[in-house]
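Encoded as C-alpha cells, the structure appears first; notes follow it.
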Amino acid sequence: AQDHIPMPLDEAVLDYVVLGPREERSDLDRVLVVAAQREMISRYTSAVRTSGLRPAGVDVKALSLTRSTLPDPFFGDEGAMLLLDVGAEITNLVVADRGNPVLTRFVPVGFVDFVAAVVELADLPEDEAERLALDPRVRLGSGQDEAHETEAEPEEGSFDPALVYDVRRGLEGAAQTLADEVQRSIEHHRSQEAAREVSRVLLSGEAALIPNLDGYLGELLDVPTSRGHPVEKLSGNRSNISDDQLRAMEPVLAVAFGLAMEEE
Numbered sequence: 059a060q061d062h063i064p065m066p067l068d069e070a071v072l073d074y075v076v077l078g079p080r081e082e083r084s085d086l087d088r089v090l091v092v093a094a095q096r097e098m099i100s101r102y103t104s105a106v107r108t109s110g111l112r113p114a115g116v117d118v119k120a121l122s123l124t125r126s127t128l129p130d131p132f133f134g135d136e137g138a139m140l141l142l143d144v145g146a147e148i149t150n151l152v153v154a155d156r157g158n159p160v161l162t163r164f165v166p167v168g169f170v171d172f173v174a175a176v177v178e179l180a181d182l183p184e185d186e187a188e189r190l191a192l193d194p195r196v197r198l199g200s201g202q203d204e205a206h207e208t209e210a211e212p213e214e215g216s217f218d219p220a221l222v223y224d225v226r227r228g229l230e231g232a233a234q235t236l237a238d239e240v241q242r243s244i245e246h247h248r249s250q251e252a253a254r255e256v257s258r259v260l261l262s263g264e265a266a267l268i269p270n271l272d273g274y275l276g277e278l279l280d281v282p283t284s285r286g287h288p289v290e291k292l293s294g295n296r297s298n299i300s301d302d303q304l305r306a307m308e309p310v311l312a313v314a315f316g317l318a319m320e321e322e
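Next up, the structure:
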C-alpha cells in the first residue's frame with residue numbers, strides 16, 4: 059500500500075473496499091484504498107467530541123458523493139459518470155463506473171474563484187460580485203444574450219448590459235479553467251485499462267448555484283452535464299424547512315446527504 063499512499067503508513071488511517079473482480083482478469087479483484095492523515099482525523103473527531111457529539115464514523119467525500127449523487131437505480135450500461143462537487147474553495151471530482159469510484163481528484167478551483175474573476179473583470183466589491191454571480195439574469199451558455207435582452211425589457215435601465223457582459227466574462231473564464239482540469243481528468247481516465255467513456259457529468263456544490271453553469275460546462279466538455287439530485291433519494295422531508303427551500307439548497311448538501319446515508 060505504501061507505493062500508492064503519499065504519506066508514511068504509521069501516520070495514516072487506512073481502510074479499503076473490495077470492488078469486485080476486474081473485467082479483464084476475473085482472478086484479480088479491484089480494491090479501493092482510502093487513506094487519511096491520522097493527526098487530521100484526530101483533530102476532526104476531537105472537535106466533534108468537544109461540541110458534545112459522538113463521532114459515529116469517518117468518510118471521504120468521494121464515497122459520500124457516490125452514494126448521494128449517482129442515479130438510483132444506476133444503469134451500468136450508461137458508461138462511466140463524473141461527479142463534480144464545486145465547493146467554496148476546492149472541487150471534488152469523482153469518476154464512477156458501475157456504481158463504484160474508479161478515479162478521485164481534488165481540483166484547486168472553487169466558487170471563490172468564480173467570484174474573484176467577477177471582482178477583477180467587473181471591478182466590483184466581493185459581496186456584489188457574489189450576488190451577481192448567482193443572478194439568474196446573468197446566464198451562461200449559448201443564446202444568453204438574446205434571453206437577457208428579452209427578460210430585461212420590463213426593467214429597462216436596471217441592469218447595465220456592459221456590467222452583465224463583464225460578469226459573464228468573468229464567470230466563463232473561471233468555468234473554462236475548471237473545464238480544462240476536468241478534461242485532463244477525463245483523458246487520464248480514458249488512458250486506464252478497460253476504462254469506459256464518461257457519458258454524463260453531475261454537478262453539485264456552491265458553484266452549481268450559478269445559473270446554467272451545468273449547461274455551460276457541458277458545452278465546454280462536450281458531455282451532457284446537469285445538476286445532481288440527491289434529494290430524490292430522501293424518503294421524506296423531516297426537516298424544519300420547506301420542500302422548495304430544501305430543493306434550492308440541494309447542490310450544497312450533496313456531500314452531507316451522502317455522509318448521512320447508510321452504505322449498502
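FYI, the working numbering numbers position 45 of the sequence shown as 103, with every residue one higher than the one before it.
The beta carbon of each residue, even a glycine, is placed where N, CA and C say it ideally should be.
The structure displayed is predicted, hence computed values, not measured ones.
query: Can you find at least 3 beta carbon pairs, one from the segment 91-98 and one from the segment 274-291, that sit closer than 8 Å?
result: no
task: Measuring alpha carbon to alpha carbon, tell me which of Val-152, Glu-264, Met-139, Gln-234 ends up nearest Leu-311.
output: Mapped onto the sequence shown, residue 311 falls at position 253. Cα-wise, what sits closest to Leu-311 is Glu-264.
query: Excluding the five sequence neighbours on either side, which residues of its own chain have a C-beta within less than 6 Å of the C-beta of Val-75, listed in chain order?
result: As a working note, residue 75 is residue 17 in the sequence shown. If we look at Val-75 and ignore the five residues flanking it on each side, its Cβ neighbours are Leu-90.
Residues that Ser-262 bridges to, as DSSP identifies them: Reading the sequence shown from its first residue, position 204 is the one you call residue 262. In DSSP, Ser-262 forms a bridge with Asp-143.
- prompt: Nearest to Arg-88 by CA position, among Arg-156, Met-65, Ile-148, Met-139, is which residue?
  reply: Within the sequence shown, numbered from 1, the residue matching residue 88 stands at position 30. For Arg-88, the nearest C-alpha among the options comes from Arg-156.
- prompt: DSSP on Arg-189, reduced to helix/strand/coil?
  reply: To locate residue 189, count along the sequence shown from 1; it is residue 131. Reduced to three states, the DSSP call for Arg-189 is helix.
query: Does the pairing of the segment 242-256 with the segment 146-162 give three or more beta-carbon distances under 8 Å?
result: yes
message: Which of the three DSSP states is assigned to Gln-234 in this structure?
response: Translated into positions along the sequence shown, residue 234 becomes position 176. DSSP places Gln-234 in helix when its eight states are reduced to three.
- prompt: Just to confirm, are Asp-171 and Ser-262 a CB contact at a threshold of 8 Å?
  reply: Looking up residue 171 in the sequence shown gives position 113. Looking up residue 262 in the sequence shown gives position 204. No.
message: Less than 8 Å between the beta carbons of Val-256 and Leu-275, yes or no?
response: Numbered from its first residue, the sequence shown carries residue 256 at position 198. Numbered from its first residue, the sequence shown carries residue 275 at position 217. Taking 8 Å as the Cβ cut-off, Val-256 and Leu-275 do not qualify as a contacting pair.
task: In the DSSP assignment, find the unbroken alpha helix (DSSP H) run with Asp-301 in it and report its ends.
output: By one-based count along the sequence shown, residue 301 stands at place 243. Unbroken alpha helix (DSSP H) run through Asp-301: 301-307.
- prompt: Among Gly-199, Asp-224, Pro-166, which has the Cα closest to the Cα of Leu-190?
  reply: For the purposes of this step, residue 190 is taken as residue 132 along the sequence shown, with counting starting at 1. Closest by alpha carbon: Asp-224.
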